[in-house]
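*Asks:* Starting off with a structure, shown below.
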DNA sequence: CTGTTAGCGCTTTCAT
DNA sequence: ATGAAAGCGCTAACAG
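Residue numbers (my numbering), protein chains in the order written: chain A, 5 to 336; chain B, 5 to 336.
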């Protein structure tokens, strides 16, 4: 593998000149530039990214820490981040924290030790305090799906409370009065906020929140399934199940059917996130859109702008959930 | 950030000794080891991975190139790889090729330039010849979902032809005689093989393959939907739709229902891959299991063994698809 | 605009 | 078992 030395020798210029054209510096005469490029071409020179990183203290890699790498939600997020980064010649180093505090901290250390220039984080177990502290370190961080007021510039989030509110409001407007709620794990901020929105909508309609018709799941499909079993066992009547995400909604749909009820006639269902397969469930799932792709893209752009000093792009931190009406809710 | 120099000074030993304990070398006295560890502890020393890479010519990063980063299939694969790698202190650098030849080649160069110690590849546009050539380079590669005889040690694959055969055989055994087939894009090897298996089963049952009841999709949900429209327009009768993957099957199910037919009574459906949401479709999808997690894990282990010389693990290259019977097929 | 010169932090012979 | 010293390939002041 040819090095910068050989290039400089062949081109008859100094190391620095080669380095300069490599880094697109100004103040290089067209002539030397041509000579250098020709030499590079002839030698099939490829820069050694590790050496560059060591000398410049930039790895051009961005760490991405998520709860899980699979699942419809994270996949879209990572896909979106990688696309944006790659256009800029940067790359994504991904790792998962599995919603376990210890493991998530390890993930962060892992990425920092890897000299990532910045880290994009979408996890739940680490406290705001920890993340605020982390943000004071030398590795810039951006946080997805969470607003931490003290470092709000680094946060990209949607109004989960509003989303929860709008979802439940919609279902109430269709005439439903007895709502079951299948929640995400309440140690997660978004699960909490969505539940709060749900309660606000209930309140506004003078309906009361029924503890018996509440089930705390884990955001995974199976817990939607189990949740329905649990709810039905209470013998309480409900005409709709409000689910805190689409995965649980899909599980809930299965559960409802396993009890020989049909959707939406016997039980309406609403989800949250609008993951791509919500559209392929039967009936198609009414849900709240979560613009994860746009948010992920924004977070990447923020890094390009703030860490790599790329020309300004407009960066928007707050996103809005939107109701997507499909066929899983019936009028009463 | 403390460096190895400060550690060596504080411990009162040489650079090399510090390096030795860092790398778990033998021939280090227990005493110096203790001194060094104490010094590291005191200084909060963290090794600089970039410097290590430059000096050792190992980046401890493994490139992963896939067609797409989202979708149920790739998500599970990447998740599985990352878990295995991280246990060994290695990390995954991911990138997508979008099934476009130019883009996939760029992806490979990108990863090589990033000094990845090895690359895991699951793509479709690059030819066997190209990959064989690539395998002769200095960066080891492993190939998922494809058998290239010349480099079969580096390949991890299932018998797609057998899978296609078994799927269709099963559906024939349920009494179906008029089968529509929604294929993956035929430039992809797996799509081809699955189709061949389908034809073999047909043949064996003395049924003929009907060109009119064939539709070439793109492995994405929407093309399953579109495929059904197309098939129905032919006015040919069919009692079952054999789909080359679950995503198209989910689209096909939607299509069938949009034409006011019910599943499986009016039209049975079978998929391929057994992605996690196949279980949450309605009716639950009968499909062929594709052990992508195990295969991904194996590929990571192969790298640990062959590139990093980790203690032998048993490595299996060939996997077998298995029929998963659920509710999307009816007896005739 | 171009060249010289130190490193970046660590690994790895080679002696001892 | 330990240490000295020479890089790994490149960047970034600084001087000219």
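Positions of the beta carbon are idealized from the N, C-alpha and C atoms, including for glycine.
#1: Determine, for residue 100 (chain B), whether the minimum Cβ-Cβ distance to residues of chain A falls below 8 Å.
#2: State the beta-bridge partners of residue 159 (chain A) as determined by DSSP.
#3: DSSP state of residue 273 (chain A), grouped into three classes?
#4: Given a cut-off of 8 Å on the beta-carbon distance, is the pair residue 130 (chain A) and residue 105 (chain A) in contact?
#5: Quick check: the Cα distance between residue 147 (chain A) and residue 160 (chain A), rounded to an integer number of angstroms?
#6: What is the DSSP secondary structure of residue 202 (chain B), reduced to helix, strand or coil?
#7: Using a beta-carbon distance below 8 Å, is residue 50 (chain B) in contact with chain A?
#8: In the DSSP output, what is residue 292 (chain B) paired with across the bridge?
#9: Give the interface partners of residue 311 (chain A) over in chain B, defined as CB-CB distance under 9 Å, in chain order.
#10: Determine the chain B residues that contact residue 219 (chain A) at a beta-carbon separation under 9 Å, and present them in chain order.
#11: Only counting the same chain, and skipping five residues up and downstream in sequence, which positions put a Cβ closer than 6 Å to that of residue 144 (chain A)?
#12: Residues of the region 116 to 134 of chain B with a CB closer than 9 Å to any CB of chain A: list them in chain order, please.
#13: In chain order, what residues of the same chain lie with their CB nearer than 8 Å to the CB of residue 24 (chain B), ignoring the 5 residues before and after it?
#14: Could you work out which residues of chain B lie near residue 257 (chain A), taking near to mean beta carbons separated by less than 9 Å?
#15: For residue 75 (chain A), which residues in chain B fall below 7 Å Cβ to Cβ?
#16: From the DSSP output, read off the bridge partner residues of residue 67 (chain B).
#17: Is the beta carbon of residue 254 (chain B) sitting closer than 8 Å to the one on residue 228 (chain B)?
#18: Which value, in whole angstroms, describes the spacing of the CA atoms of residue 84 (chain A) and residue 65 (chain A)?
#19: Opposite residue 220 (chain A) in the DSSP bridges: which residues?
#20: Taking only three categories from DSSP, how would you classify residue 246 (chain A)?
#21: Restricting to Cα atoms, I'd like to know which of A:238, A:149, A:256 is closest to residue 246 (chain A).
#22: Can you list, in chain order, the residues of the region 21 to 55 of chain A whose Cβ is nearer than 8 Å to any Cβ on chain B?
#23: How is residue 309 (chain A) classed by DSSP in three states: helix, strand or coil?
#24: Interface residues of chain A around residue 86 (chain B) at Cβ under 9 Å?
#25: Cα separation between residue 215 (chain A) and residue 181 (chain B)?
#26: Examine chain B for any beta-carbon lying closer than 8 Å to the beta-carbon of residue 323 (chain A), and answer yes or no.
#27: Below 8 Å on C-beta distance, what does residue 254 (chain B) contact in chain A?
#28: Quick one: what's residue 322 (chain A) bridged to in DSSP?
#29: Near residue 303 (chain B), which residues of its chain fall below 8 Å by C-beta distance, leaving aside the five closest residues on each side in sequence?
#30: Please classify residue 260 (chain A) as buried or exposed, where buried requires at least 16 neighbouring CB atoms within 10 angstroms.
#31: Going by the CB atoms, is the gap between residue 189 (chain A) and residue 233 (chain A) shorter than 8 Å?
#32: Spatial neighbours of residue 317 (chain A) within its chain, please: CB distance less than 8 Å, with the 5 preceding and 5 following residues excluded, ordered by chain position.
#33: How do the region 9 to 16 of chain B and the region 183 to 200 of chain A stand: do at least 3 beta-carbon pairs fall below 8 Å, yes or no?
#34: Exposed or buried, what is residue 230 (chain B) when buried is set at 16 or more other beta-carbons lying within 10 Å of its beta-carbon?
#35: Between which two residues does the alpha helix (DSSP H) containing residue 234 (chain A) stretch?
#36: Would you decide whether residue 46 (chain A) is buried or exposed? Buried here means 16 or more other CB atoms lie within 10 Å of its CB.
*Replies:* On the basis of the coordinates in this document:
#1: yes
#2: A:147
#3: strand
#4: yes
#5: 6 Å
#6: helix
#7: yes
#8: B:327
#9: Those within 9 Å of residue 311 (chain A) in chain B number zero; the least Cβ separation is about 17 Å.
#10: Within 9 Å Cβ-Cβ: nothing; residue 219 (chain A) doesn't reach chain B, min ~18 Å.
#11: 122, 311
#12: 116, 117, 118, 119
#13: 31, 32
#14: 284, 286
#15: 79
#16: B:97, B:123
#17: yes
#18: 15 Å
#19: A:187
#20: strand
#21: A:256
#22: 50, 51, 52, 53, 54, 55
#23: helix
#24: 73, 98, 99, 100
#25: 53 Å
#26: no
#27: 281, 284
#28: A:161
#29: 85, 124, 146, 148, 160
#30: buried
#31: no
#32: 305, 308, 309
#33: no
#34: buried
#35: 225 to 237
#36: exposed
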